[in-house]
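Written out below as structure tokens is the structure these notes cover.
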Amino acid sequence: GFVVLAKATDGGGRSKFEVIVSTSTNRNGVKFLLNNVTLSSIQGRFINDGRVTIQMAEPPVDIFISRAIPDRLKKILALISSIIRGEDVELEVRKRVTSTDFVARDMQMSIVKCSQYPLYPSGFPAHLTELTITGIGLRRVDGRWFGLKSLRLLNLRDNLLGEAPDFSTKFLNIVRLQNLQMLILAKNNISNLTEDQWLSFPTSLFVLDIRDNLLTGILPEAVAHLHRLVAFLACGNQIRAIPDEMCRMSSLRVLRLSGNDLQFVPASIRCLRLDFIDLTGNEMLCGPFQPYKHLLTKAAPLLQTAVAYLQNKGIPMEGLPWDIQMFSHDETVVCSICKRFSPRDSTTVQHRQLDLSMIAHTVSRGADHRGSNQVLAKYYYCGYCIKFCRF
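Take our numbering: the final residue in the sequence shown is number 426, and no numbers are missing along the way.
So this is what it looks like as structure tokens:
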């Protein structure tokens, strides 16, 4: 629909103004007389987002305007203010409204120069679905990004966000982007992503790109909460291991972890059905190795048994003492066969080769095409599944 200001004359030849509101169900529109008696107030707090409410006293109705172009909305509100003050306003004569009178809203925004970056107090158009900010050396997290509720793509590639002093805290606000489908943080000098940051990534994500950063150590099991993720790209870091819980990411189709320091992969990823996997450039993972087996027959401590039970039942552990919560993740492992949590001390461990062609349609062999489908995998067998395994 749309809103139009109209000017006419009454029986005495005096000017009068009207607001005409046209909608898809009433194309002829509804007229509201506009003066300091009929108008109650205007709520323009969100005018920069293209939203405003005009409250009429006679008749007592509210006119809600949304998804408007802010500049045009400001212009019409300025005219209304002049009318209420009793000024004789001249309106643009327009006999008929056509499609050419409407300006398509920009749904995409690309910033590749510092001079293009929106300054305060102006912001980003609230209706953006794609925002790209690349190659400008950005060292701060802008809270205005997280107010773009319609955003589907946020591309922050080739900046320096990892050097931002508040990156680990302020970037947690990305959880507000519940419609975000693609997040690109490649080449940002990011040396650490806390578990809270992983949990803040919206579960709506289809693609997560963290390539060519400085990530080290073991990826936390919080990665697996991105259950809709289709492509996970983490090449060119220094990651040593990925969590067993990744076997629960049933939507995953593309897994790129080349150029890291992976020593083994959890055998539980056999449950994945990938279209493409790339583990090249991990020398210890693809190099020669000796099979290893550690058979455990002792009973697990009560704490490990209890934690495994809670995890398998999906019972949250927030009510447990803080020290138990802190160390609970180290008390259990995921069985490579049944994918259930098992007490660590009563779980059999085995290192042997895994054929990647069993889990992916296409396996990358690297630029020289000399890569192998065989990688070192760590197998965990719970007390039940070990009964059916042959070594």
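The C-beta atom is built at its ideal place from N, Cα and C for all residues, glycine as well.
Strand pairing of residue i, partner residues [DSSP]
i, result
"G252", "I274"
"Y416", "T383"
"T164", "None, per the DSSP bridge assignment."
"P378", "T367"
"P301", "K413"
"Q78", "T88"
Boundaries of the alpha helix (DSSP H) in which residue i is found, first to last residue
i, result
"K110", "P105 to I119"
"V38", "First-last for V38: F37 to T44, but that is the beta strand (DSSP E), not the alpha helix (DSSP H)."
"E93", "First-last for E93: undefined, no H or E at that position."
"L234", "E230 to S235"
"D358", "W357 to F362"
"L320", "E318 to C321"
Same chain, Cβ closer than 7 Å to residue i, neighbours up to 5 away in sequence not counted
i, result
"D403", "Legend: pLDDT at D403 = 48, less than 50; position of this residue unreliable, no value from coordinates given."
"L228", "L250"
"F202", "V176 and L196"
C-alpha gap between residue i and residue j, whole angstroms
i, j, result
"T44", "K51", "6 Å"
"D84", "P160", "7 Å"
"R430", "L389", "The shown model of the chain, from 36 to 426, leaves out residue 430, and the question about it has no answer."
"Q143", "I82", "20 Å"
"C373", "Y414", "12 Å"
"R288", "L261", "13 Å"
"C424", "G418", "11 Å"
"L307", "P301", "11 Å"
"D231", "C321", "32 Å"
"T73", "E53", "10 Å"
"E280", "L215", "23 Å"
"L207", "R120", "46 Å"
"Q385", "A412", "8 Å"
"M217", "D380", "39 Å"
"G103", "N61", "Before going further, note that residue 103 is Ala rather than Gly in the sequence given. If you take the alpha carbons of A103 and N61, they lie about 19 Å apart."
"D365", "G294", "27 Å"
"R275", "N408", "19 Å"
"S76", "L68", "14 Å"
"A259", "G354", "22 Å"
"R49", "V56", "23 Å"
"E93", "K66", "12 Å"
Proximity winner among the options, relative to residue i (alpha-carbon distances)
i, options, result
"E125", "A41, V410 and E280", "A41"
"G158", "S116, W180, A276 and S185", "W180"
"I359", "A343, L69, P323 and N347", "A343"
"C420", "C370, T397, L411 and N408", "C370"
"S239", "D296, I350, D123 and V210", "V210"
"D277", "G79, R80 and I304", "Reading off the sequence shown, one finds Ile at residue 277, where the question assumed Asp. Ranking the options by Cα distance to I277, first place goes to I304."
"I219", "E230, L191, K205 and L212", "L191"
"V410", "K348, L345 and N317", "N317"
"L338", "E353, S363 and M352", "S363"
"P323", "I350, F299 and I55", "F299"
"M393", "S377, M319, R375 and D310", "D310"
"Q78", "S101, N70 and T58", "S101"
"S286", "F241, D296 and L297", "F241"
"T340", "T367, L163 and G354", "T367"
Contacting residues, own chain, Cβ-Cβ under 8 Å from residue i (five flanking each side not counted)
i, result
"R174", "N194, L195, L196, E198 and A199"
"I225", "L196, G197, F202, I245, N248, L249 and L250"
Nonlocal neighbours in the same chain, by C-beta distance under 6 Å from residue i, ignoring five residues either side
i, result
"I115", "none"
"S399", "D313 and T315"
"A269", "I245 and L292"
"T88", "Q78, D97 and F99"
Element boundaries [beta strand (DSSP E), containing residue i]
i, result
"A199", "Unbroken run through A199: none, as it is neither H nor E."
"L337", "Segment L337 to K348 is the alpha helix (DSSP H) holding L337; no beta strand (DSSP E) there."
"Q143", "Q143 to I146"
"S285", "Note, S285: premise wrong, no beta strand (DSSP E); not H, not E."
"S57", "S50 to T58"
Beta carbon proximity, residue i to chain C, threshold 8 Å
i, result
"P351", "The question asks about chain C, but that chain is absent: this structure has only one protein chain."
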